[in-house]
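Chains as they are written, first to last, in numbering that gives the first Met the number 0: chain A, 0 to 403; chain B, 0 to 89.
One structure is given below, encoded as structure tokens.
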Amino acid sequence: MRRVVITGMGAISALGHDAASTWNGMREGRCAIGPIVNIPTELTNIKIAAEVRDYDAAKHFDSKKLIFLDRVAQFALLAAREAVAQSGLDFRADGRGERTACIVGTGIGGENTHDEQARRFYGDKNPRVHPLTIVRLMANAPACQITMEYGLTGPAFAVVSACASANHAMAQAFEMLRSGKVDFAVTGGSEACITVPTVKAWEAVRVTADDTCRPFCKQRRGMVLGEGAGIFVLEEYEHARARGATILAEFAGAGMSADAGDIVLPSMQGAARALAGALADARLDAHEIDYINAHGTGTPANDPTETKAIRHVFGAHADRLAVSSTKSMHGHALGAAGAIELIAAIGALREGVIPPTANFLDADPECDLDYVPNVAREQRVRAALSNSFAFGGLNAVLALKRAD
Amino acid sequence: MSSVQETIFGIISKEAGIDINKITLDSTLKDLEIQSLDAVQIIFELEDHFKITLPDRDPKFDTESVKGLVEAVEKLLAEKAAGTTPAAQG
Chain A
0 MRRVVITGMG AISALGHDAA STWNGMREGR CAIGPIVNIP TELTNIKIAA EVRDYDAAKH
60 FDSKKLIFLD RVAQFALLAA REAVAQSGLD FRADGRGERT ACIVGTGIGG ENTHDEQARR
120 FYGDKNPRVH PLTIVRLMAN APACQITMEY GLTGPAFAVV SACASANHAM AQAFEMLRSG
180 KVDFAVTGGS EACITVPTVK AWEAVRVTAD DTCRPFCKQR RGMVLGEGAG IFVLEEYEHA
240 RARGATILAE FAGAGMSADA GDIVLPSMQG AARALAGALA DARLDAHEID YINAHGTGTP
300 ANDPTETKAI RHVFGAHADR LAVSSTKSMH GHALGAAGAI ELIAAIGALR EGVIPPTANF
360 LDADPECDLD YVPNVAREQR VRAALSNSFA FGGLNAVLAL KRAD
Chain B
0 MSSVQETIFG IISKEAGIDI NKITLDSTLK DLEIQSLDAV QIIFELEDHF KITLPDRDPK
60 FDTESVKGLV EAVEKLLAEK AAGTTPAAQG
């Protein structure tokens, strides 16, 4: 089977508008959660989020282009531009576009457009709905916009699995590359659904924190919504080597499973099967893993369940693992979560720095792993896993190895 | 049984799909085998019915008893009647 490597990465998150600033924020243990500024909060009980702040769409897109783009597609395009530029690949040359997959996850899609048009119609009683509403809000828009920008004419589609969307999308792109169906992939996830109705909907589930996100510690009170995107260029290893590309990491495997149990409560067995599946798929032994970027939402239910799943799969090696949740800094970006968190895994592999779990107070006896509290740690990382466990019981774990 | 209590028992019974006669003031969510999503729906129906807002983590209906929930609702209703909560002004 062919080896798959990552040769480009791009991101936009609450921590910064590119991958470098996102990673630097993680290294510094900087929490980007704060009072919500982009939407009115008079009617919401949730007052905090990890928003992408100081973002001016007009700086990145001309008005003719912008009219087609919901915030979710804008984020995806910005991250794609960064990733493609870093890869150095010209997809319009040598028929590459045709041999490239473009698979982008999103949990919701164009929620800002949906909200805006619904408000016009129901709120303002304006009978005219904008003609580009559909093309802006469709969940496949982020993937489509990237294909159009770079002339990617191979397999392209969106993957939707709530908070595991990005990991499922990247797993699919990885499979296509490994099997030889394509030679390149542009893949990741994007989310931008911090709107009043969506925030109200999250409120009603009663899983969000009112102070901040404190994964794995005793005082954790829930998750905090985030937004953003992460996009990566995947390429076949020999091809990347031959052209002298900088290999950021090897994409070694993916494990996926469904709990087929509760629609919201996580299952230890489901998570454990995805973790074990990723190891087996990557042909990695448990003791070769040094770091796990946890799903780590900070909810009462997720964190102990994820801890137990890691213990179940890793046995005694669990005590030698570094496990951190960077959601403590960039919030829970839902369908983009796995993509933004892959920046953390790649950073750890490349720089030998494990980003911390920020806002950590006291240990919870039910969460008894090394969560790298509050301060990054210098430690060589040979291989890493990145976990995403979605509502609906859909799990996807990615395995990365240090570049040779 | 107060009418508030009766209404609450009715909502719990309907939302969780359990026999109303099984519910007592001393029952906990665990005793009644109510899953978290059912609990959230019960709280939503109570808020919607009584036009009140129950705090996110209080009452601790999952670890404490139905009695705690009834008391929390009665307290909010009393505050509303006295006009001491924003909900009553709105």
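Here a beta-carbon is modelled for each residue, glycine too, at the ideal position from N, C-alpha and C.
For the alpha helix (DSSP H) containing residue i, list its first residue and its last residue.
{"i": "Y290(A)", "result": "Taken as a continuous stretch (DSSP letters only), Y290(A) belongs to no alpha helix (DSSP H), being part of the beta strand (DSSP E) at Y290 to N292."}
{"i": "C101(A)", "result": "It is not in any alpha helix (DSSP H) - C101(A) instead sits in the beta strand (DSSP E) that spans T99 to G104."}
{"i": "K13(B)", "result": "S2 to A15"}
{"i": "N301(A)", "result": "N301 to F313"}
{"i": "T146(A)", "result": "A140 to Y149"}
{"i": "I342(A)", "result": "A336 to E350"}
So with Cβ pairs under 8 Å, would you call residue i a contact of chain B?
{"i": "L42(A)", "result": "no"}
{"i": "V263(A)", "result": "yes"}
{"i": "V3(A)", "result": "no"}
With C-beta atoms as the reference, is residue i less than 8 Å away from residue j?
{"i": "H316(A)", "j": "H294(A)", "result": "no"}
{"i": "T186(A)", "j": "A168(A)", "result": "yes"}
{"i": "R1(A)", "j": "G227(A)", "result": "no"}
{"i": "N386(A)", "j": "N292(A)", "result": "yes"}
{"i": "A275(A)", "j": "G243(A)", "result": "no"}
{"i": "N23(A)", "j": "T211(A)", "result": "no"}
{"i": "G108(A)", "j": "V71(A)", "result": "yes"}
{"i": "L360(A)", "j": "K199(A)", "result": "no"}
{"i": "A13(A)", "j": "G225(A)", "result": "yes"}
{"i": "L45(B)", "j": "V72(B)", "result": "yes"}
{"i": "A273(A)", "j": "A398(A)", "result": "no"}
{"i": "P214(A)", "j": "S86(A)", "result": "no"}
{"i": "I41(B)", "j": "E14(B)", "result": "yes"}
{"i": "G334(A)", "j": "A165(A)", "result": "yes"}
{"i": "H311(A)", "j": "A343(A)", "result": "no"}
Using CA coordinates, which residue listed in the options is at the minimum distance from residue i?
{"i": "G351(A)", "options": "V195(A), G269(A) and D289(A)", "result": "D289(A)"}
{"i": "K74(B)", "options": "I51(B), A38(B), I41(B) and D55(B)", "result": "I51(B)"}
{"i": "E32(B)", "options": "S64(B), S2(B), V69(B) and E44(B)", "result": "S64(B)"}
{"i": "M137(A)", "options": "E110(A), I339(A) and A117(A)", "result": "E110(A)"}
{"i": "E235(A)", "options": "S323(A), L247(A), G122(A) and G269(A)", "result": "L247(A)"}
{"i": "D258(A)", "options": "L278(A), A308(A), G221(A) and F231(A)", "result": "A308(A)"}
{"i": "F43(B)", "options": "E70(B), T62(B) and I7(B)", "result": "I7(B)"}
{"i": "A157(A)", "options": "G188(A), V134(A) and V128(A)", "result": "G188(A)"}
{"i": "F250(A)", "options": "R401(A), I11(A), A300(A) and F60(A)", "result": "R401(A)"}
{"i": "M222(A)", "options": "F231(A), L233(A), A239(A) and E202(A)", "result": "E202(A)"}
{"i": "P130(A)", "options": "A19(A), H113(A) and G122(A)", "result": "H113(A)"}
{"i": "R98(A)", "options": "D182(A), V4(A) and E41(A)", "result": "D182(A)"}
{"i": "T296(A)", "options": "K124(A), A277(A) and V322(A)", "result": "V322(A)"}
{"i": "L341(A)", "options": "G106(A), V3(A) and G229(A)", "result": "G229(A)"}
{"i": "I190(A)", "options": "R220(A), V51(A), E377(A) and G7(A)", "result": "It should be noted that the sequence gives Glu, not Ile, for residue 190(A). Cα-wise, what sits closest to E190(A) is V51(A)."}
{"i": "L264(A)", "options": "A389(A), V232(A) and I32(A)", "result": "A389(A)"}
{"i": "P372(A)", "options": "F74(A), Y54(A) and P355(A)", "result": "P355(A)"}
{"i": "E174(A)", "options": "A49(A), A332(A), M328(A) and P154(A)", "result": "P154(A)"}
{"i": "A75(A)", "options": "A49(A), R26(A) and P141(A)", "result": "P141(A)"}
{"i": "R381(A)", "options": "L348(A), A362(A) and D363(A)", "result": "L348(A)"}
{"i": "T197(A)", "options": "H59(A), G106(A), R376(A) and T6(A)", "result": "G106(A)"}
Could you confirm whether any beta carbon from chain A is found closer than 8 Å to the beta carbon of residue i?
{"i": "D47(B)", "result": "no"}
{"i": "A86(B)", "result": "Its pLDDT being 49, under 50, A86(B) is placed unreliably in this model, and the coordinates cannot settle the point."}
{"i": "L76(B)", "result": "no"}
{"i": "S35(B)", "result": "yes"}
{"i": "D55(B)", "result": "yes"}
{"i": "G89(B)", "result": "Residue placement at G89(B) is poorly supported in this model, since its pLDDT is 36, which falls under 50; the coordinates still yield a value, given next. Output row for G89(B): interface = no."}
{"i": "I17(B)", "result": "no"}
Residues of chain B with a CB under 8 Å from the CB of residue i: which are they?
{"i": "A203(A)", "result": "V39 and F43"}
Counting along the chain, where does the beta strand (DSSP E) carrying residue i start and finish?
{"i": "V158(A)", "result": "A155 to V158"}
{"i": "E249(A)", "result": "A248 to A257"}
{"i": "A117(A)", "result": "Counting along the chain, A117(A) falls outside any beta strand (DSSP E), though it belongs to the alpha helix (DSSP H) covering E110 to A117."}
{"i": "G9(A)", "result": "V3 to I11"}
{"i": "F49(B)", "result": "Segment S35 to F49 is the alpha helix (DSSP H) holding F49(B); no beta strand (DSSP E) there."}
{"i": "S323(A)", "result": "A321 to S323"}
{"i": "I19(B)", "result": "Per DSSP, I19(B) belongs to no beta strand (DSSP E) and is neither H nor E."}
{"i": "T186(A)", "result": "F183 to E190"}
{"i": "K400(A)", "result": "L393 to K400"}
At a Cβ threshold of 8 Å, is residue i touching chain C?
{"i": "I193(A)", "result": "Looking at the structure shown, chain C is missing, and the protein chains on hand are A and B."}
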